[in-house]
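Worksheet: one structure, shown below.
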Amino acid sequence: MAHKKKAADNLKGTLYMTFAVGFVIIIIWAFCFGLFTDRF
Amino acid sequence: MHKTIDEYGKVEEKETALVEKEEKSPSMKQKLTASFIRVDGKDAKLAMAHMYVAFIALLLGGLAGLLQVLVRSGEFTLPLGIKIGYYQVLTVHGILLALILTTFFIMGFQIASISRTAGAFTNVQRKIGWTGFWLMLVGTAAAAAMVLLNKATVLYTFYAPLKAHWIFYLGLALVVVGSWLLCIMQILKYYRWKKENKGQTSPLLTYMAVVNSILWITCSLGVAVEVLFQLLPWSLGLVERVDILLSRTLFWYFGHALVYFWLLPAYMAWYVVVPKVIGGHIFSDALARLSFILFLLFSFPVGIHHQLTEPGIEGFWKFVQVVLTFFVVIPSLMTAFSLFATFEMRGRELGGKGVLGWFKNLPWGDARFLVPFIGMVAFIPGGAGGIVNASYQMNQLVHNTIWVTGHFHLTVATAVALTFFGVAFWLIPHLTGRTLTPKLNYLGNVSGILWGIGMLIMSLSMHLAGLLGAPRRSEYSTYGGAEMAYDWIPYQIAQAVGGTILFIAILVIMYIVVQLIWFAPKGEEEFPVATVAPGAEKTPAILENFKIWGVILVALIVFAYTMPIIDIISNSPAGSKGFMPW
Amino acid sequence: MHIHKYEKWWLVFGCATLVAFLVILAIGAFHNGTHPNEGKITVDYENVDSIKPFDNPGVHKVEGKEWDYEVVLVASAFSYNPNEIEVPLGSVVKFYATTRDVIHGFEIAQTNINMMLEPGYVSEYVAEMNKAGEYLIVCNEYCGTGHTYMYGTLKVVDENAQNN
Numbered sequence: 006m007a008h009k010k011k012a013a014d015n016l017k018g019t020l021y022m023t024f025a026v027g028f029v030i031i032i033i034w035a036f037c038f039g040l041f042t043d044r045f
Numbered sequence: 033m034h035k036t037i038d039e040y041g042k043v044e045e046k047e048t049a050l051v052e053k054e055e056k057s058p059s060m061k062q063k064l065t066a067s068f069i070r071v072d073g074k075d076a077k078l079a080m081a082h083m084y085v086a087f088i089a090l091l092l093g094g095l096a097g098l099l100q101v102l103v104r105s106g107e108f109t110l111p112l113g114i115k116i117g118y119y120q121v122l123t124v125h126g127i128l129l130a131l132i133l134t135t136f137f138i139m140g141f142q143i144a145s146i147s148r149t150a151g152a153f154t155n156v157q158r159k160i161g162w163t164g165f166w167l168m169l170v171g172t173a174a175a176a177a178m179v180l181l182n183k184a185t186v187l188y189t190f191y192a193p194l195k196a197h198w199i200f201y202l203g204l205a206l207v208v209v210g211s212w213l214l215c216i217m218q219i220l221k222y223y224r225w226k227k228e229n230k231g232q233t234s235p236l237l238t239y240m241a242v243v244n245s246i247l248w249i250t251c252s253l254g255v256a257v258e259v260l261f262q263l264l265p266w267s268l269g270l271v272e273r274v275d276i277l278l279s280r281t282l283f284w285y286f287g288h289a290l291v292y293f294w295l296l297p298a299y300m301a302w303y304v305v306v307p308k309v310i311g312g313h314i315f316s317d318a319l320a321r322l323s324f325i326l327f328l329l330f331s332f333p334v335g336i337h338h339q340l341t342e343p344g345i346e347g348f349w350k351f352v353q354v355v356l357t358f359f360v361v362i363p364s365l366m367t368a369f370s371l372f373a374t375f376e377m378r379g380r381e382l383g384g385k386g387v388l389g390w391f392k393n394l395p396w397g398d399a400r401f402l403v404p405f406i407g408m409v410a411f412i413p414g415g416a417g418g419i420v421n422a423s424y425q426m427n428q429l430v431h432n433t434i435w436v437t438g439h440f441h442l443t444v445a446t447a448v449a450l451t452f453f454g455v456a457f458w459l460i461p462h463l464t465g466r467t468l469t470p471k472l473n474y475l476g477n478v479s480g481i482l483w484g485i486g487m488l489i490m491s492l493s494m495h496l497a498g499l500l501g502a503p504r505r506s507e508y509s510t511y512g513g514a515e516m517a518y519d520w521i522p523y524q525i526a527q528a529v530g531g532t533i534l535f536i537a538i539l540v541i542m543y544i545v546v547q548l549i550w551f552a553p554k555g556e557e558e559f560p561v562a563t564v565a566p567g568a569e570k571t572p573a574i575l576e577n578f579k580i581w582g583v584i585l586v587a588l589i590v591f592a593y594t595m596p597i598i599d600i601i602s603n604s605p606a607g608s609k610g611f612m613p614w
Numbered sequence: 454m455h456i457h458k459y460e461k462w463w464l465v466f467g468c469a470t471l472v473a474f475l476v477i478l479a480i481g482a483f484h485n486g487t488h489p490n491e492g493k494i495t496v497d498y499e500n501v502d503s504i505k506p507f508d509n510p511g512v513h514k515v516e517g518k519e520w521d522y523e524v525v526l527v528a529s530a531f532s533y534n535p536n537e538i539e540v541p542l543g544s545v546v547k548f549y550a551t552t553r554d555v556i557h558g559f560e561i562a563q564t565n566i567n568m569m570l571e572p573g574y575v576s577e578y579v580a581e582m583n584k585a586g587e588y589l590i591v592c593n594e595y596c597g598t599g600h601t602y603m604y605g606t607l608k609v610v611d612e613n614a615q616n617n
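First to last, the protein sequences are chains A, B and C. Just so you know, the first sequence maps onto residues 6 to 45 in the numbering used here. Just so you know, the second sequence maps onto residues 33 to 614 in the numbering used here. Just so you know, the third sequence maps onto residues 454 to 617 in the numbering used here.
Below you can see the structure in the form of structure tokens.
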């Protein structure tokens, strides 16, 4: 991030949102992996 | 409606000066006194020419899509009057939407972006551009004629040994060559700008358009080799046989980078246009450029992940390309952060409180924001599904099932398409000298929401049916009354419902576009270009050193493809003759 | 180039996730041998009918191999030969499949058996039939007008259940 304003450094919401995206990815992948291992 | 006066007049002024230096046409002065920087009139004409083709392709391709979902629901058959088969309709749908709509729109958008941020093109550059446009148009017409005559029912991937009429391949070659001229036009402009502005960082939009042009030329070399050296001589009868696996590998070297060629213009809008629309700033110029460079590097050594279930390619090399495919996720992770951060910073500036309260402060009523935003949301499951597709052995779960169709209808047909529509809503009036009225803006939101709902229904049911084994690219069938095939039918009906809603959305979009081209009130529509926040750090110059990136790019391609290609050629069976089983 | 603290956290988390996925896939592939089809044998597609093993398509019981049955299958527009495959529950089956003309798909719905059949190449896959049932085989690569007429059946039969 390329600026100095302190107020703008509060990116807590962004942190939560990106991690939420990460968990969505993990859940979808894990679900499909489960399906894959279940099948022959 | 959204005529916010630019607070960063300083940066804008610098750009204005460049425009002046570039071109001294009398009409220019008038534009410079306007409150927004306008794309040069002659460049606007070239960009608009692309928009006409793009939106005609949208209407016809969308109609073909509607016919498909209706037929596959099992509830409808093509009217007897229409002497066109399902797979012919499917070929039309794929070519018009995935190849024609995208390529024309992207070239138009990039030309306008460069003209807007780096100044007008020179007459010579513009001539190169027009030549490219006409070549693409003639090529499109030639290929379309062959498809309509049922001489090229080979789908938009045209896998040999299905053999189309040679005019079809020639048409495609013309589209590719035409697009090269348009890319060259953009790259020439970029280098001219660099020369005239020694030591300065290029405008971000121009830089992004140039990266995408380089990406496009590099990837389409693969399909050009396939078409010019394999398919064209073969369809002309000059050679009898064609190496199937080689042709597929060349195709997918092209085919996967192709999806980033679609995606990067959407990212241009996400990184640079949307922040301005919401009144914010570019989160980080350097990180935006870095993500584009990463896309450029990792778009190429990954094509074999489309061939994971094919014979003749060593598992080890497939896995190598799977690993490299996962690298290309990283710039998208970066983009997700940048976008959320832009939204959060602007939302907080407007008084948003709490961890997520800032979401409320975003301009939800503005189609230029809302429509691309729906696209961004779709890209989350789209990306997740893409990781599943590329997951080596897990690809067997979904390969060539309708899951894949569902996947790219989230990525290209929602994330990219909605962003393009959101761009068109201001770009077209900007180019035609009209305005996006509140009513048209409202309709824009309606179209985006309809698209979102229709795609949610269609894509979700495609994903689920795919996991149950339903194949893609297949017309309605009960497969001899097989139990498993019965389970797919409810999902196919849902797809028809979703597809119908999508077609209604297309009609709304067409209405808006027609209004914006010919009927909306005259005026000035802003071409929104965000700037970095005041006091931002300078962007490292290395990001513009295309020699370094070029070397790394070539090294990666050589690393990922040399061994597989040698294997394919040295172990290849006799080539295949052509077949026309349609 | 300054990177925000949270962005670093996010990128570390994201990249760690990707690495974890890759490690799981690599163990599956290179340790447990769950590679997708990577058949290396080539064949003259115009004469498959006279080339072993494709001169005798069908389900064959074999001895002394790592698998109990071999399914030899020839695809052509628009059918599979054989189009009905029956094997006992729990048997290990090796599939050898190829095409006589254009590219076809060989997908056994709701299983991991899913491979491309390309002229000149033999596609191979080994699977343990560990769930009884009647599975639909479909061609999942567009091969012409009769594409959806191309289907077959895999029956995994629980012989104990039948005897009872």
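All C-beta atoms in this analysis are idealised placements derived from N, C-alpha and C, irrespective of residue type, glycine included. Just so it is clear, the structure is predicted and the values come from calculations on it, not from any experiment.
| query | With 16 other CB atoms within 10 Å as the buried threshold, where does B:Trp581 fall? | reply | buried
| message | Please confirm whether C:Tyr459 has its beta-carbon closer than 7 Å to some beta-carbon of chain A. | response | yes
| request: State the start and end residues of the unbroken alpha helix (DSSP H) segment that holds C:Asn485. | output: Element bounds for C:Asn485: n/a, residue is neither H nor E.
| query | When you compare only the Cα positions, how much space is there between C:Leu464 and B:Met366? | reply | 7 Å
| field | Interface partners of C:Ala580 on chain A, CB under 8 Å | value | Phe45
| task | For the segment 308-377 of chain B, list the alpha helix (DSSP H) runs that are entirely contained and at least 4 residues long, ordered along the chain. | result | 317-330, 347-359
| Measuring CB to CB, does B:Ser608 end up less than 7 Å from B:Val257? | no
| Using a Cβ-Cβ distance under 7 Å, would A:Phe41 count as near chain B? | yes
| Range covered by the alpha helix (DSSP H) that runs through B:Glu507 | Counting along the chain, B:Glu507 falls outside any alpha helix (DSSP H), and DSSP gives it neither H nor E.
| message | Please identify the residue among B:His431, B:Gln100, B:Tyr239 whose C-alpha is closest to the C-alpha of B:Ile574. | response | B:Tyr239
| said: Taking CB distances under 7 Å as the criterion, tell me whether B:Gln425 reaches chain E. | reply: This model lacks chain E altogether, as its protein chains are A, B and C.
| query | Under the rule that 16 or more other beta-carbon atoms within 10 Å means buried, what is C:Gly511, buried or exposed? | reply | exposed
| field | For B:Ser252, the three-state DSSP class (helix, strand or coil) | value | helix
| said: Is it buried or exposed, C:Glu519, if we count other Cβ atoms within 10 angstroms and call 16 or more buried? | reply: exposed
| said: Quick check on this structure: which residue in B:Gly530, B:His288, B:Gly164 has the alpha carbon closest to the alpha carbon of B:Val211? | reply: In the sequence as presented, Val is not what sits at residue 211 of chain B; that position holds Ser. It is B:Gly164 whose Cα lies nearest to the Cα of B:Ser211.
| Residues within the segment 540-564 of chain C neighbouring chain B, beta-carbon criterion of under 7 Å | Asp554, Val555, Ile556, Gly558, Glu560, Ala562, Gln563
| query | Near B:Lys471, which residues of its chain fall below 6 Å by C-beta distance, leaving aside the five closest residues on each side in sequence? | reply | none
| Between the segment 328-337 of chain B and the segment 590-607 of chain B, do at least 3 Cβ pairs fall closer than 8 Å? | yes
| request: Check the Cβ of C:Ser576 against every Cβ in chain B and list those closer than 7 Å, keeping chain order. | output: Pro343
| query | Since B:Gly454 and B:Ala301 are thought to touch, with beta carbons under 8 Å apart, how far apart are those beta carbons, to the nearest angstrom? | reply | 7 Å
| Are any of the Cβ atoms in chain C nearer than 7 Å to that of B:Asn432? | yes
| request: In angstroms with no decimal places, state the Cα-to-Cα distance between B:Ile146 and B:Val306. | output: 17 Å
| task | Closer than 8 Å by beta-carbon distance: list the chain A residues that pair up with B:Gly417, in chain order. | result | Ile33
| said: If I follow the unbroken alpha helix (DSSP H) through B:Ala144, where does it start and stop? | reply: 134-150
| Excluding sequence positions up to five away, which residues of its chain have a Cβ less than 8 Å from the Cβ of B:Val540? | Leu475, Val478, Ser479, Leu482
| field | CB contact below 7 Å: B:Ser57 versus chain C | value | Caution is warranted here: a pLDDT of 43 is assigned to B:Ser57, below 50, making its placement in the model unreliable, and the coordinate value is therefore given only provisionally. Taking Cβ atoms only, chain C never reaches closer than 7 Å to B:Ser57, which makes this a no.
| request: Measure the CB-CB distance between B:Thr123 and B:Thr185 and report whether it falls below 7 Å. | output: yes
| query | Taking just the CA atoms, how far does B:Ala174 sit from B:Trp198? | reply | 10 Å
| Using a C-beta to C-beta distance shorter than 7 Å, which residues of chain C count as neighbours of A:Phe36? | Chain C residues near A:Phe36: none, gap ~13 Å exceeds 7 Å.
| query | C:Val527 CB to nearest chain B CB: under 7 Å? | reply | no
| said: Looking at B:Gly498: is its Cβ nearer than 7 Å to the Cβ of B:Ile434? | reply: yes
| message | Cutting at 7 Å between CB atoms, please list the residues of its own chain near C:Gly481, excluding the five before and the five after it. | response | Thr487
| query | Going along chain B in order, which residues have a C-beta closer than 9 Å to the C-beta of C:Tyr604? | reply | Ser509, Tyr511, Gly512, Ala514, Ala517
| task | Tell me, please, which residues DSSP counts as bridged to C:Val476. | result | DSSP lists no partner for C:Val476.
| message | In this structure, how does DSSP classify B:Leu388 when only helix, strand and coil are distinguished? | response | coil
| task | Identify whether B:Leu167 lies in helix, strand or coil by the three-state DSSP scheme. | result | helix
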